[in-house]
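Q: If you scroll down you'll find the structure; I have some questions about it.
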Amino acid sequence: MLPHPIRAILPLLFLLSLPACGGGEKEATGETGGITITTPLVVETAEGSVASFPTAGESGEATPAEGVDFSFGPLDERQAFSFVSDLVAFGPHPPGSEALTEVRRYLRDRLEEFGIPVLSDRFIADTPIGPIEMENLIGVIPGKRSDLLLIGSHFDTKRFEDFTFVGANDGCSSTGLLLEIGRVLAVTQPPWTIWLVFFDGEEAFVSWSETDSRYGSRHLVERLQGEGALSGIRALLLIDMIGDANLGIRKEGLSTPSLVAETWGVADSLGYGDFFLPGYLFVEDDHTPFLDAGIPAIDIIDFRYGPGENSNAYWHTEQDTLDKLSPESLGIVGDTLLHLLPRLFSSSSLDTTPPW
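All letters in the sequence shown, in the order written, are residues 37 to 392 by my numbering.
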């Protein structure tokens, strides 16, 4: 993820000071260059066979689930933290590495233990360091309708040559929480089908740009767009960097305003107002390819990660380690997300007008 350049034209009222970043970032154009589709979207069975799997539901407006009756069990923040700890133990796992292959196997194994079928979305990404095979994973929780709600996280860590970067918060925290959300939802039948999307290749290899970043999310949008399936997606809920023990999530300003309002309303109703803060920041992340395609999306991200309220000193450094995280932070974000779902299921549409 990277701070977004549109901040420069916004009133200072909406801004927080953001860390300086390398050049190369641009306004989103909706292009999905640098990606080649190599395999169909499939679900792999335990026996190793491959079967086709439907990709999306009906087009048009969603039909709200009248009198939504959707219950779920409690989220276990300690279990979520255990998943995060397991992921950190793999060490650095940038795209194309053997470590990421092991992480992917771990994710698939956990999802299958929960009884969740897993879609495999493989492709070759054209990166500044050469072609790299990547693979998104999608856990599918069938709903009563074929409308799709996506909950996503990137599971790669950024590649660094000069130090060891395990990405405890940036990559592992949201991925571990997404696994725990999957465990909770696996025994439910939601009104809409839920995809748990684990995005490969979110991080840039050289310098963040439209073509060097968000490889997995850009690819998935391109694929579904080509298959005429985007209209079945009602929203994307993206989580990133949500494990900081000093949790303080500000509103991400590129996100769909109605989703932001609903999320902050749920958090406040649960007593989490001290952690879901009123200020804004603007971040390019795996949600922006969906926004560019007209899909409502929110990025729930705590982009202040360091000692002190406004520090980001741990981001993309060797200090992004497990000791900086807490189970309580994972629990706060996970609980908010789960309680957000019934509100979304009862909505007929989401306003996609940006706040700027």
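Ideal Cβ placement from N, Cα and C applies to all residues, glycine included.
The alpha helix (DSSP H) with L374 in it runs from where to where?
A: Here the question's residue 374 lines up with position 338 in the sequence shown. Membership of L374 in the alpha helix (DSSP H) is indicated by the continuous run 363-381.
Q: Is the beta carbon of W228 closer than 8 Å to that of I174?
A: The residue given as residue 174 occupies position 138 in the sequence shown. The residue given as residue 228 occupies position 192 in the sequence shown. Going by C-beta atoms, I174 is not nearer than 8 Å to W228.
Q: What do you reckon, are the CB atoms on L366 and F117 nearer than 8 Å?
A: If you number the sequence shown from 1, residue 366 lands on position 330. If you number the sequence shown from 1, residue 117 lands on position 81. Taking 8 Å as the Cβ cut-off, L366 and F117 qualify as a contacting pair.
Q: With a cut-off of 8 Å, do at least 3 Cβ pairs link the region 296-308 to the region 232-241?
A: Three or more Cβ pairs closer than 8 Å define a contact, and the region 296-308 falls short of that threshold against the region 232-241.
Q: Assuming D276 and D335 form a contact by the criterion Cβ under 8 Å, report the distance between their Cβ atoms to the nearest whole angstrom.
A: If you number the sequence shown from 1, residue 276 lands on position 240. If you number the sequence shown from 1, residue 335 lands on position 299. Contact flag correct, Cβ pair sits at about 6 Å.
Q: So, with DSSP's three-state summary, where would you put F234?
A: Within the sequence shown, numbered from 1, the residue matching residue 234 stands at position 198. DSSP, reduced to helix, strand and coil, places F234 within a strand of the structure shown.
Q: Can the beta-carbon of S156 be found less than 8 Å from the beta-carbon of E138?
A: Taking the sequence shown and counting its residues from 1, the one referred to as residue 156 is at position 120. Taking the sequence shown and counting its residues from 1, the one referred to as residue 138 is at position 102. No, the Cβ-Cβ distance between S156 and E138 is not below 8 Å.
Q: So the beta strand (DSSP E) Y316 belongs to, where does it begin and stop?
A: Locating residue 316 in the sequence shown gives position 280, counting from the first residue. It spans 312-317 - the beta strand (DSSP E) in which Y316 sits, taken as one unbroken run.
Q: Could you tell me if V120 is buried or exposed, where buried requires 16 or more neighbouring beta carbons within 10 angstroms of its beta carbon?
A: Stepping through the sequence shown from its first residue, residue 120 is reached at position 84. Burial call: buried.
Q: Mapping DSSP to helix, strand and coil, what is K287?
A: Sequence index remark: in the sequence shown, residue 287 carries index 251 (1-based). K287 falls in the strand class under three-state DSSP.
Q: Expressed to the nearest angstrom, what Euclidean distance is found between the alpha-carbon atoms of F126 and S189?
A: As a working note, residue 126 is residue 90 in the sequence shown. As a working note, residue 189 is residue 153 in the sequence shown. Their backbone Cα atoms lie some 17 Å apart in a straight line.
Q: Rounded to whole angstroms, what is the Cα-Cα separation between A329 and D322?
A: The residue labelled residue 329 in the question sits at position 293 within the sequence shown. The residue labelled residue 322 in the question sits at position 286 within the sequence shown. Their backbone Cα atoms lie some 12 Å apart in a straight line.
Q: Which first and last residues belong to the alpha helix (DSSP H) in which A217 is found?
A: Numbered from 1 along the sequence shown, position 181 holds the residue referred to as residue 217. Just to set this straight, residue 217 is Ile in the shown sequence, not Ala. It spans 210-221 - the alpha helix (DSSP H) in which I217 sits, taken as one unbroken run.
Q: State the Cα-Cα distance for the pair E113 and D162, rounded to the nearest angstrom.
A: To locate residue 113, count along the sequence shown from 1; it is residue 77. To locate residue 162, count along the sequence shown from 1; it is residue 126. Near 38 Å, if we compare the C-alpha coordinates of D162 and E113.
Q: Does the region 262-282 come close enough to the region 196-208 to have 3 or more Cβ pairs within less than 8 Å?
A: yes
Q: Do F201 and D356 have their C-beta atoms within less than 8 Å of each other?
A: By one-based count along the sequence shown, residue 201 stands at place 165. By one-based count along the sequence shown, residue 356 stands at place 320. In contact: F201 and D356 (Cβ atoms closer than 8 Å).
Q: Just to confirm, is the Cβ distance from A333 to L266 under 8 Å?
A: Walking along the sequence shown from the start, residue 333 turns up at place 297. Walking along the sequence shown from the start, residue 266 turns up at place 230. No, the pair does not count as a contact, with Cβ atoms beyond the cut-off.
Q: Less than 7 Å between C-beta atoms, sequence neighbours within five positions excluded: which residues of the same chain meet that for G84?
A: Sequence index remark: in the sequence shown, residue 84 carries index 48 (1-based). With a pLDDT of 41 at G84, under the threshold of 50, the modelled position of this residue cannot be trusted; read the value that follows with caution. Nothing meets the Cβ criterion.
Q: With distance defined between alpha-carbon atoms, name the residue in I217, V242, I168, P167 nearest to K194.
A: Along the sequence shown, one-based indexing puts residue 194 at 158. When each option's Cα is compared against that of K194, the closest is V242.
Q: Taking the C-alpha atoms as reference points, what is the distance between L317 and I337?
A: Here residue 317 refers to the residue found at position 281 of the sequence shown. Here residue 337 refers to the residue found at position 301 of the sequence shown. If you take the alpha carbons of L317 and I337, they lie about 10 Å apart.
Q: Between which residues of its own chain and V220 is the CB-CB distance below 6 Å, once the five residues before and five after are set aside?
A: Translated into positions along the sequence shown, residue 220 becomes position 184. Around V220: F108, G109, L111.
Q: Does the beta-carbon distance from F311 to I368 come in below 8 Å?
A: Numbered from its first residue, the sequence shown carries residue 311 at position 275. Numbered from its first residue, the sequence shown carries residue 368 at position 332. Their beta carbons are under 8 Å apart, which means F311 touches I368 by this criterion.
Q: Within 10 angstroms of the Cβ of S291, are there 16 or more other Cβ atoms? Answer buried if so, exposed if not.
A: Here residue 291 corresponds to residue number 255 of the sequence shown, with the count starting at 1. Result: buried.
Q: Going by the CB atoms, is the gap between L272 and F326 shorter than 8 Å?
A: Position 290 of the sequence shown holds residue 326. Position 236 of the sequence shown holds residue 272. Cβ distance < 8 Å, so F326 and L272 count as in contact.
Q: Could you tell me the distance, in whole angstroms, from the CA atom of Q115 to the CA atom of G218?
A: As a position in the sequence shown, residue 115 is number 79, starting the count at 1. As a position in the sequence shown, residue 218 is number 182, starting the count at 1. Approximately 12 Å between the Cα atoms of the pair.
Q: Using CA coordinates, which residue listed in L184, E258, W244, G252 is at the minimum distance from Q225?
A: In the sequence shown, residue 225 corresponds to position 189, counting from 1. Of the candidates L184, E258, W244, G252, L184 places its Cα closest to the Cα of Q225.
Q: Using 8 Å as the threshold, is the C-beta distance between L143 and L215 below it?
A: Numbered from 1 along the sequence shown, position 107 holds the residue referred to as residue 143. Numbered from 1 along the sequence shown, position 179 holds the residue referred to as residue 215. Cβ atoms of L143 and L215: closer than 8 Å.
Q: Give me the residue from Y251, P164, A135 with the minimum Cα distance to M37.
A: Mapped onto the sequence shown, residue 37 falls at position 1. Among Y251, P164, A135, the Cα nearest to that of M37 is on Y251.
Q: Assign V223 to one of two classes, buried (16 or more other C-beta atoms within 10 Å of its C-beta) or exposed (fewer than that).
A: Taking the sequence shown and counting its residues from 1, the one referred to as residue 223 is at position 187. With fewer than 16 other Cβ atoms within 10 Å, it is exposed.
Q: Terminal residues of the continuous beta strand (DSSP E) containing V176?
A: Against the sequence shown, residue 176 aligns to sequence position 140. Taken as a continuous stretch (DSSP letters only), the beta strand (DSSP E) holding V176 covers 166-177.
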